[in-house]
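Using the working numbering, you'd call the opening residue of the sequence shown number 2 and step up by one each time.
Contents: one structure, followed by commentary.
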Amino acid sequence: AAAAAALLWRRLSSWPGRRPPGPPSRGVLAGGNLDSLSHPGGPHLALTALSRRYGGVVALQLGAWRCVVLSSAAAVAALREQPTALAGRVTVPSALILSRGGRDLVFSDYNRAWRTLRKVSHAALFSRTRIEAQAGRMAARIAAVVAEFAAAAADPAGDGCVRPRAALQHASMATISEILLGHAPDRGSAEATALAAATAAVFRSLGAANAADYLPWLRLLPKHRRVLEDMAAARDAICGVLQQQLDKAKATLDYSGGGGGGG
2 AAAAAALLWR RLSSWPGRRP PGPPSRGVLA GGNLDSLSHP GGPHLALTAL SRRYGGVVAL
62 QLGAWRCVVL SSAAAVAALR EQPTALAGRV TVPSALILSR GGRDLVFSDY NRAWRTLRKV
122 SHAALFSRTR IEAQAGRMAA RIAAVVAEFA AAAADPAGDG CVRPRAALQH ASMATISEIL
182 LGHAPDRGSA EATALAAATA AVFRSLGAAN AADYLPWLRL LPKHRRVLED MAAARDAICG
242 VLQQQLDKAK ATLDYSGGGG GGG
(Lines of atoms letter the chains of each structure in order from A and count residues from 1; the text may use other names and numbers.)
(Lines give C-alpha, C1' and ligand atoms only; values in the text may rest on other atoms or scores of the structure.)
Protein backbone atom coordinates (compact mmCIF):
# COMPACT_ATOMS: atom_id res chain seq x y z
CA ALA A 1 0.00 0.00 0.00
CA ALA A 2 2.84 2.38 0.86
CA ALA A 3 4.57 1.64 -2.46
CA ALA A 4 1.33 2.22 -4.38
CA ALA A 5 0.76 5.51 -2.57
CA ALA A 6 4.32 6.61 -3.35
CA LEU A 7 3.89 5.73 -7.03
CA LEU A 8 0.56 7.60 -7.19
CA TRP A 9 2.14 10.61 -5.53
CA ARG A 10 5.04 10.63 -8.01
CA ARG A 11 2.86 10.31 -11.10
CA LEU A 12 0.21 12.85 -10.11
CA SER A 13 2.53 15.47 -8.63
CA SER A 14 4.67 15.66 -11.80
CA TRP A 15 3.72 18.17 -14.49
CA PRO A 16 5.00 17.52 -18.02
CA GLY A 17 6.60 20.49 -19.72
CA ARG A 18 6.72 24.01 -18.38
CA ARG A 19 4.30 24.52 -15.53
CA PRO A 20 2.42 27.82 -15.09
CA PRO A 21 3.09 29.69 -11.83
CA GLY A 22 1.07 28.79 -8.77
CA PRO A 23 1.21 28.01 -5.06
CA PRO A 24 3.27 25.00 -3.94
CA SER A 25 1.25 21.80 -3.69
CA ARG A 26 0.89 19.93 -0.42
CA GLY A 27 0.79 16.65 -2.33
CA VAL A 28 -2.03 14.43 -3.49
CA LEU A 29 -2.80 12.83 -0.15
CA ALA A 30 -3.10 16.25 1.51
CA GLY A 31 -5.37 17.65 -1.19
CA GLY A 32 -2.79 19.46 -3.30
CA ASN A 33 -3.86 23.11 -3.40
CA LEU A 34 -7.41 22.64 -2.13
CA ASP A 35 -6.51 24.73 0.92
CA SER A 36 -5.75 27.64 -1.44
CA LEU A 37 -9.45 27.85 -2.32
CA SER A 38 -10.44 28.55 1.28
CA HIS A 39 -11.78 32.10 1.66
CA PRO A 40 -14.52 33.51 3.92
CA GLY A 41 -16.19 35.07 0.89
CA GLY A 42 -16.04 31.99 -1.32
CA PRO A 43 -13.63 30.22 -3.71
CA HIS A 44 -14.04 32.89 -6.40
CA LEU A 45 -12.41 35.45 -4.11
CA ALA A 46 -9.61 33.00 -3.32
CA LEU A 47 -8.98 32.59 -7.06
CA THR A 48 -8.98 36.38 -7.47
CA ALA A 49 -6.30 36.67 -4.78
CA LEU A 50 -4.23 33.94 -6.45
CA SER A 51 -4.41 35.69 -9.82
CA ARG A 52 -3.17 38.93 -8.24
CA ARG A 53 -0.18 37.07 -6.83
CA TYR A 54 0.70 34.69 -9.66
CA GLY A 55 -0.81 36.29 -12.74
CA GLY A 56 -3.64 35.54 -15.15
CA VAL A 57 -2.71 31.87 -15.65
CA VAL A 58 -2.35 29.89 -12.41
CA ALA A 59 -1.55 26.19 -11.95
CA LEU A 60 -3.38 24.38 -9.14
CA GLN A 61 -3.47 20.76 -8.06
CA LEU A 62 -6.96 19.98 -6.77
CA GLY A 63 -6.50 16.63 -5.13
CA ALA A 64 -5.54 14.24 -7.92
CA TRP A 65 -6.45 16.70 -10.70
CA ARG A 66 -3.97 19.14 -12.19
CA CYS A 67 -5.79 22.29 -13.26
CA VAL A 68 -5.09 25.64 -14.87
CA VAL A 69 -7.16 28.63 -13.75
CA LEU A 70 -7.54 31.45 -16.28
CA SER A 71 -8.16 34.97 -15.01
CA SER A 72 -6.68 36.68 -18.05
CA ALA A 73 -9.05 37.82 -20.78
CA ALA A 74 -6.28 37.35 -23.34
CA ALA A 75 -5.69 33.74 -22.25
CA VAL A 76 -9.40 32.97 -22.38
CA ALA A 77 -9.66 34.48 -25.86
CA ALA A 78 -6.66 32.44 -27.06
CA LEU A 79 -8.08 29.18 -25.74
CA ARG A 80 -11.42 29.83 -27.42
CA GLU A 81 -9.57 29.42 -30.70
CA GLN A 82 -9.01 25.74 -29.81
CA PRO A 83 -12.52 24.54 -28.87
CA THR A 84 -12.13 20.91 -29.88
CA ALA A 85 -8.95 20.49 -27.83
CA LEU A 86 -10.43 21.99 -24.67
CA ALA A 87 -14.13 21.18 -24.79
CA GLY A 88 -14.00 17.84 -22.96
CA ARG A 89 -15.04 17.21 -19.37
CA VAL A 90 -13.25 15.75 -16.39
CA THR A 91 -15.01 12.46 -15.65
CA VAL A 92 -15.24 12.58 -11.86
CA PRO A 93 -17.10 9.69 -10.15
CA SER A 94 -20.16 11.72 -9.14
CA ALA A 95 -20.73 12.90 -12.73
CA LEU A 96 -20.35 9.36 -14.05
CA ILE A 97 -22.90 8.07 -11.53
CA LEU A 98 -25.48 10.76 -12.32
CA SER A 99 -25.08 10.29 -16.06
CA ARG A 100 -24.80 6.49 -16.04
CA GLY A 101 -21.29 6.54 -17.37
CA GLY A 102 -21.35 9.93 -19.11
CA ARG A 103 -24.04 8.96 -21.61
CA ASP A 104 -26.23 12.06 -21.29
CA LEU A 105 -25.89 15.45 -22.93
CA VAL A 106 -24.74 17.31 -19.81
CA PHE A 107 -21.88 15.07 -18.72
CA SER A 108 -20.83 13.46 -21.99
CA ASP A 109 -17.35 14.13 -23.31
CA TYR A 110 -16.96 16.26 -26.43
CA ASN A 111 -17.06 13.92 -29.43
CA ARG A 112 -19.04 13.20 -32.59
CA ALA A 113 -21.85 11.47 -30.70
CA TRP A 114 -22.20 14.46 -28.35
CA ARG A 115 -22.36 16.90 -31.27
CA THR A 116 -25.10 14.83 -32.91
CA LEU A 117 -27.06 14.57 -29.66
CA ARG A 118 -26.78 18.31 -29.10
CA LYS A 119 -28.08 19.09 -32.59
CA VAL A 120 -31.05 16.77 -32.14
CA SER A 121 -31.94 18.13 -28.70
CA HIS A 122 -31.67 21.76 -29.79
CA ALA A 123 -33.82 21.13 -32.84
CA ALA A 124 -36.46 19.41 -30.70
CA LEU A 125 -36.45 21.70 -27.65
CA PHE A 126 -35.08 25.11 -28.58
CA SER A 127 -36.44 25.91 -31.99
CA ARG A 128 -38.04 29.33 -32.35
CA THR A 129 -41.48 27.79 -32.84
CA ARG A 130 -41.10 25.66 -29.72
CA ILE A 131 -39.94 28.55 -27.56
CA GLU A 132 -42.71 30.84 -28.78
CA ALA A 133 -45.28 28.13 -28.05
CA GLN A 134 -44.03 27.82 -24.46
CA ALA A 135 -43.50 31.54 -23.81
CA GLY A 136 -47.02 32.14 -22.50
CA ARG A 137 -46.85 29.26 -20.02
CA MET A 138 -43.43 30.34 -18.80
CA ALA A 139 -44.53 33.93 -18.29
CA ALA A 140 -47.65 32.80 -16.41
CA ARG A 141 -45.62 30.54 -14.13
CA ILE A 142 -43.10 33.30 -13.36
CA ALA A 143 -45.95 35.72 -12.62
CA ALA A 144 -47.51 33.19 -10.24
CA VAL A 145 -44.22 32.78 -8.37
CA VAL A 146 -43.77 36.56 -8.06
CA ALA A 147 -47.35 36.91 -6.79
CA GLU A 148 -46.72 34.16 -4.23
CA PHE A 149 -43.62 35.98 -2.97
CA ALA A 150 -45.47 39.28 -2.75
CA ALA A 151 -48.34 37.69 -0.81
CA ALA A 152 -45.92 36.02 1.61
CA ALA A 153 -44.09 39.29 2.24
CA ALA A 154 -47.35 41.19 2.85
CA ASP A 155 -49.04 38.51 4.99
CA PRO A 156 -49.89 40.20 8.33
CA ALA A 157 -49.85 36.82 10.06
CA GLY A 158 -46.36 36.01 8.78
CA ASP A 159 -42.91 37.21 9.76
CA GLY A 160 -42.32 39.23 6.59
CA CYS A 161 -39.78 36.74 5.27
CA VAL A 162 -40.02 35.12 1.85
CA ARG A 163 -38.77 31.54 1.58
CA PRO A 164 -38.43 31.02 -2.17
CA ARG A 165 -36.84 27.58 -2.33
CA ALA A 166 -39.95 25.39 -2.66
CA ALA A 167 -41.73 27.72 -5.09
CA LEU A 168 -38.69 28.18 -7.32
CA GLN A 169 -37.91 24.47 -7.28
CA HIS A 170 -41.42 23.55 -8.36
CA ALA A 171 -41.53 26.30 -11.00
CA SER A 172 -38.26 25.07 -12.49
CA MET A 173 -39.31 21.42 -12.55
CA ALA A 174 -42.76 22.26 -13.89
CA THR A 175 -41.34 24.39 -16.70
CA ILE A 176 -38.93 21.62 -17.74
CA SER A 177 -41.75 19.05 -17.64
CA GLU A 178 -43.99 21.24 -19.78
CA ILE A 179 -41.25 21.75 -22.37
CA LEU A 180 -40.30 18.08 -22.51
CA LEU A 181 -43.64 16.36 -21.96
CA GLY A 182 -46.30 18.97 -22.59
CA HIS A 183 -47.61 18.90 -19.01
CA ALA A 184 -46.36 19.30 -15.45
CA PRO A 185 -47.20 17.49 -12.19
CA ASP A 186 -49.42 19.48 -9.85
CA ARG A 187 -47.67 21.11 -6.93
CA GLY A 188 -48.05 18.91 -3.88
CA SER A 189 -48.86 15.83 -5.95
CA ALA A 190 -47.09 12.55 -5.28
CA GLU A 191 -45.00 12.94 -8.44
CA ALA A 192 -43.92 16.50 -7.63
CA THR A 193 -43.11 15.60 -4.02
CA ALA A 194 -41.08 12.55 -5.05
CA LEU A 195 -39.19 14.49 -7.71
CA ALA A 196 -38.40 17.33 -5.30
CA ALA A 197 -37.17 14.90 -2.64
CA ALA A 198 -34.97 13.00 -5.10
CA THR A 199 -33.54 16.22 -6.55
CA ALA A 200 -32.68 17.49 -3.07
CA ALA A 201 -31.01 14.15 -2.30
CA VAL A 202 -28.87 14.45 -5.44
CA PHE A 203 -27.66 17.92 -4.48
CA ARG A 204 -26.89 16.78 -0.93
CA SER A 205 -24.88 13.83 -2.18
CA LEU A 206 -23.10 15.98 -4.77
CA GLY A 207 -21.81 18.23 -2.01
CA ALA A 208 -20.82 15.27 0.14
CA ALA A 209 -19.09 13.52 -2.78
CA ASN A 210 -17.02 16.52 -3.78
CA ALA A 211 -14.02 15.55 -1.65
CA ALA A 212 -14.00 11.96 -2.95
CA ASP A 213 -14.15 13.27 -6.53
CA TYR A 214 -10.76 14.92 -6.09
CA LEU A 215 -9.17 12.67 -3.45
CA PRO A 216 -9.44 9.15 -4.90
CA TRP A 217 -8.22 7.38 -1.76
CA LEU A 218 -11.32 8.56 0.12
CA ARG A 219 -13.42 6.20 -2.00
CA LEU A 220 -11.88 3.32 -0.06
CA LEU A 221 -13.67 4.48 3.09
CA PRO A 222 -17.20 3.17 3.81
CA LYS A 223 -18.51 6.68 4.57
CA HIS A 224 -17.64 7.98 1.11
CA ARG A 225 -18.77 4.80 -0.66
CA ARG A 226 -22.18 5.25 0.97
CA VAL A 227 -22.36 8.80 -0.37
CA LEU A 228 -21.89 7.52 -3.92
CA GLU A 229 -24.43 4.75 -3.32
CA ASP A 230 -26.95 7.31 -2.03
CA MET A 231 -26.35 9.41 -5.14
CA ALA A 232 -27.08 6.43 -7.39
CA ALA A 233 -30.29 5.74 -5.45
CA ALA A 234 -31.41 9.38 -5.80
CA ARG A 235 -30.63 9.27 -9.53
CA ASP A 236 -32.76 6.15 -9.93
CA ALA A 237 -35.60 7.83 -8.01
CA ILE A 238 -35.53 10.84 -10.35
CA CYS A 239 -35.46 8.57 -13.40
CA GLY A 240 -38.41 6.62 -12.01
CA VAL A 241 -40.56 9.73 -11.58
CA LEU A 242 -39.59 11.04 -15.01
CA GLN A 243 -40.38 7.67 -16.58
CA GLN A 244 -43.87 7.81 -15.04
CA GLN A 245 -44.39 11.27 -16.52
CA LEU A 246 -43.08 10.07 -19.89
CA ASP A 247 -45.44 7.11 -19.85
CA LYS A 248 -48.37 9.47 -19.16
CA ALA A 249 -47.34 11.67 -22.07
CA LYS A 250 -46.98 8.68 -24.40
CA ALA A 251 -50.44 7.46 -23.39
CA THR A 252 -51.95 10.66 -24.84
CA LEU A 253 -50.37 10.16 -28.26
CA ASP A 254 -52.41 8.93 -31.18
CA TYR A 255 -50.78 5.91 -32.82
CA SER A 256 -53.70 5.17 -35.14
CA GLY A 257 -51.84 6.56 -38.14
CA GLY A 258 -54.38 9.29 -38.78
CA GLY A 259 -51.68 11.88 -38.22
CA GLY A 260 -49.45 10.18 -40.74
CA GLY A 261 -46.83 7.57 -40.05
CA GLY A 262 -47.69 6.07 -36.67
CA GLY A 263 -46.88 2.51 -35.89
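We treat Cβ as the ideally placed atom computed from N, Cα and C, and that holds for glycine.
Bridge partners of GLY33 according to DSSP: LEU63.
Each residue's CA atom was taken as its position, placing LEU229 and PHE127 some 33 Å apart.
Note that the C-beta distance between ALA199 and ALA235 is below 8 Å.
Between the C-alpha atoms of ILE132 and ALA185 there is a straight-line separation of about 17 Å. Beta-bridge annotation (DSSP): CYS68 is paired with LEU61. The segment 157-174 and the segment 115-124 do not touch, with fewer than 3 CB-CB distances between them shorter than 8 Å.
When C-beta atoms of the segment 17-37 are compared with those of the segment 48-68, three or more pairs fall below 8 Å, so the two segments count as touching.
For GLU230, the enclosing alpha helix (DSSP H) starts and ends at 223-252.
In its chain, beyond the 5 residues on either side, LEU38 have a beta carbon closer than 6 Å to the beta carbon of PRO44.
By the CB criterion at 8 Å, SER206 and ASP231 fall inside the cutoff.
By the Cβ-count criterion, ASP248 is exposed, with fewer than 16 other Cβ atoms from all chains shown falling within 10 Å of its own Cβ. Taking every protein chain shown into account, the CB of LEU254 has fewer than 16 other CB atoms within 10 angstroms, so this residue is exposed. DSSP, reduced to helix, strand and coil, places ASP110 outside both helices and strands of the structure shown, so it counts as coil.
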